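Protein chains in written order, with UniProt numbering: chain A, 1 to 206; chain B, 1 to 206. First comes the structure, then the notes that go with it.
Number of protein chains: 2
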Amino acid sequence: MTTDRPLRVLLADDEHLIRGALAALLALEEDLVVVAEAASGPEALAMARAHRPDVAVLDLQMPGADGVKVATALRAELPDCRTMIVTSHGRPGHLKRALAAGVRGFVPKTVSARRLAEIIRTVHAGNRYVDPELAADAISAGDSPLTAREAEVLELAADGAPVAEIAERASLSQGTVRNYLSSAASKIGAENRHTAVRLARERGWV
Amino acid sequence: MTTDRPLRVLLADDEHLIRGALAALLALEEDLVVVAEAASGPEALAMARAHRPDVAVLDLQMPGADGVKVATALRAELPDCRTMIVTSHGRPGHLKRALAAGVRGFVPKTVSARRLAEIIRTVHAGNRYVDPELAADAISAGDSPLTAREAEVLELAADGAPVAEIAERASLSQGTVRNYLSSAASKIGAENRHTAVRLARERGWV
DNA sequence: GGCCTGCCATGACGTTTGTCATGAGCAGTG
DNA sequence: CACTGCTCATGACAAACGTCATGGCAGGCC
Chain A
1 MTTDRPLRVL
11 LADDEHLIRG
21 ALAALLALEE
31 DLVVVAEAAS
41 GPEALAMARA
51 HRPDVAVLDL
61 QMPGADGVKV
71 ATALRAELPD
81 CRTMIVTSHG
91 RPGHLKRALA
101 AGVRGFVPKT
111 VSARRLAEII
121 RTVHAGNRYV
131 DPELAADAIS
141 AGDSPLTARE
151 AEVLELAADG
161 APVAEIAERA
171 SLSQGTVRNY
181 LSSAASKIGA
191 ENRHTAVRLA
201 RERGWV
Chain B
1 MTTDRPLRVL
11 LADDEHLIRG
21 ALAALLALEE
31 DLVVVAEAAS
41 GPEALAMARA
51 HRPDVAVLDL
61 QMPGADGVKV
71 ATALRAELPD
81 CRTMIVTSHG
91 RPGHLKRALA
101 AGVRGFVPKT
111 VSARRLAEII
121 RTVHAGNRYV
131 DPELAADAIS
141 AGDSPLTARE
151 AEVLELAADG
161 APVAEIAERA
171 SLSQGTVRNY
181 LSSAASKIGA
191 ENRHTAVRLA
201 RERGWV
């Protein structure tokens, strides 16, 4: 384990308080150096392009583009840059999306800074790290039983829109939309589509 | 401004990463000292009883009891302890609840640590501080136009329950429930009760 | 090639809604 | 006291919704 070259980190979090504090704490680690900070998704991308960090630590919820979107873009633009997600609310679905996007680390904000530094090193070494508790949640939540279209229609129904509007936005007939919503709700075990939306959200299926 | 006696601060946040980082940053301020940390509502209360801080900095969302509940309890038990809320997602309703509970500071986590330290001093001096943007949101959201029963029924409708169930839980007839939901939705300006629930939540009316 | 599954649609049916009119009891206010 | 607003209820009607049966059409698999 040579420490000849410091590990360059990009920090992206819209909460200034946390980002600053985090940067200060990570600076205490000998082998880590925070080369850039960002407060939004697009800014994170721009910073990554400019500074080419070894590891990008991304908050899940950021204005502009969320952590997973940023990770996807980074994977395409800077394949050498490892990405990891830090989040407050670890929903199973987020974890899945993140792993699919090539994210190599997924940790809740309940870990300590020291532990985070360790995980950053782990990720940089090419390994993966997923918080055990979040992983357990994801496994217990299981895979989505919904087909692609069911999930799509359910998502459009998320804000309480009437069937007519969903049909228009999905370019489907109203009858088809009703059928999809019906089958989605029965698969999920919900009485109606609204509770179906809620449950699907909780389980990370939308 | 004499610095004879340091300002004793209690820090409560369930996210270890943030709490630790925050403690480190606040420790840099000459006149502040973090005398206790807590990761949950009940723990925050216990710590406050034990250490009697001058100012309690509380996260809004914590397991056990949220920041506002803790502030309410502190107000009763330790009237000399000023309380302030720090939050990621500043909903207008939270602000109102907080102020009603006697909280003297309400800031989003997007502020810098230095700014937070200033606000802690402001609050300790007996003044109030509310983030201007959150205040503007709260004002623009206005007061709830809903009557007590309308709000109650709307809340019961929050999880997508059918009218029959709401009627039973509220001990009302189904027709009455429909009427209340209808009037609530029209007051809010929503197409149906589900969007009404969503909007009311956003504005802090439920 | 058959078979299955997912995708899309239509039509029909009964149920659940949203909406409106209407009314009665009951508080608080000018 | 009259007035207003909230509460609760009923009945009725149209619209929206959930469910089912049915069918065509694509793609993957034995």
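C-beta: ideal position from N, C-alpha, C; glycine also. In this text the structure is predicted, and so the values were computed from the model without any measurement.
Contact under 8 Å by Cβ, residue i with residue j
i	j	result
leucine 154 of chain A	alanine 196 of chain A	yes
residue 252 of chain B	glycine 64 of chain B	A question about residue 252 of chain B goes unanswered here, because the residues of chain B that appear run from 1 up to 206.
leucine 26 of chain B	valine 9 of chain B	yes
lysine 187 of chain A	proline 145 of chain A	yes
valine 177 of chain B	leucine 17 of chain A	no
alanine 101 of chain A	arginine 75 of chain A	yes
alanine 71 of chain B	alanine 98 of chain B	yes
aspartate 31 of chain A	leucine 7 of chain A	yes
arginine 198 of chain A	leucine 181 of chain A	no
alanine 48 of chain A	leucine 78 of chain A	yes
histidine 94 of chain B	leucine 45 of chain B	no
alanine 24 of chain B	alanine 24 of chain A	yes
serine 88 of chain B	serine 171 of chain A	no
Where residue i falls: helix, strand or coil (DSSP)
i	result
glycine 105 of chain A	strand
methionine 62 of chain B	coil
valine 206 of chain A	coil
threonine 87 of chain A	strand
leucine 28 of chain B	coil
alanine 98 of chain A	helix
alanine 12 of chain B	strand
arginine 201 of chain A	helix
leucine 7 of chain B	strand
alanine 184 of chain A	helix
alanine 138 of chain B	helix
residue 207 of chain A	Outside the displayed span of chain A (1 to 206) sits residue 207 of chain A, for which this structure offers no information.
arginine 82 of chain A	strand
Residue i at chain B interface by Cβ criterion, 8 Å
i	result
asparagine 127 of chain A	no
proline 162 of chain A	yes
glycine 20 of chain A	yes
aspartate 131 of chain A	no
serine 184 of chain A	Reading off the sequence shown, one finds alanine at residue 184 of chain A, where the question assumed serine. Output row for alanine 184 of chain A: interface = no.
glutamate 191 of chain A	yes
valine 111 of chain A	yes
arginine 198 of chain A	yes
threonine 195 of chain A	yes
leucine 181 of chain A	no
alanine 24 of chain A	yes
aspartate 159 of chain A	yes
leucine 17 of chain A	yes
Endpoints, the beta strand (DSSP E) within which residue i is located
i	result
valine 34 of chain A	32-38
threonine 122 of chain A	Taken as a continuous stretch (DSSP letters only), threonine 122 of chain A belongs to no beta strand (DSSP E), being part of the alpha helix (DSSP H) at 113-124.
Inter-residue CB distance, residue i and residue j (contact presumed, cutoff 8 Å)
i	j	result
leucine 58 of chain B	valine 86 of chain B	7 Å
glutamate 202 of chain B	arginine 91 of chain B	7 Å
alanine 158 of chain B	valine 103 of chain B	Alanine 158 of chain B to valine 103 of chain B, Cβ: 25 Å. No contact.
serine 173 of chain A	glutamate 150 of chain A	About 15 Å separates the two Cβ atoms, so there is no contact after all.
histidine 51 of chain B	arginine 82 of chain B	Not confirmed; about 14 Å, so no contact.
aspartate 131 of chain B	proline 108 of chain B	6 Å
tyrosine 129 of chain B	isoleucine 119 of chain B	5 Å
Any C-beta of chain A under 8 Å from that of residue i
i	result
threonine 72 of chain B	no
valine 34 of chain B	no
histidine 94 of chain B	no
leucine 134 of chain B	no
aspartate 14 of chain B	yes
serine 88 of chain B	yes
leucine 116 of chain B	yes
Boundaries of the alpha helix (DSSP H) in which residue i is found, first to last residue
i	result
alanine 161 of chain A	Element bounds for alanine 161 of chain A: n/a, residue is neither H nor E.
leucine 156 of chain A	148-156
glutamate 77 of chain A	67-77
proline 145 of chain B	Per DSSP, proline 145 of chain B belongs to no alpha helix (DSSP H) and is neither H nor E.
leucine 45 of chain A	41-51
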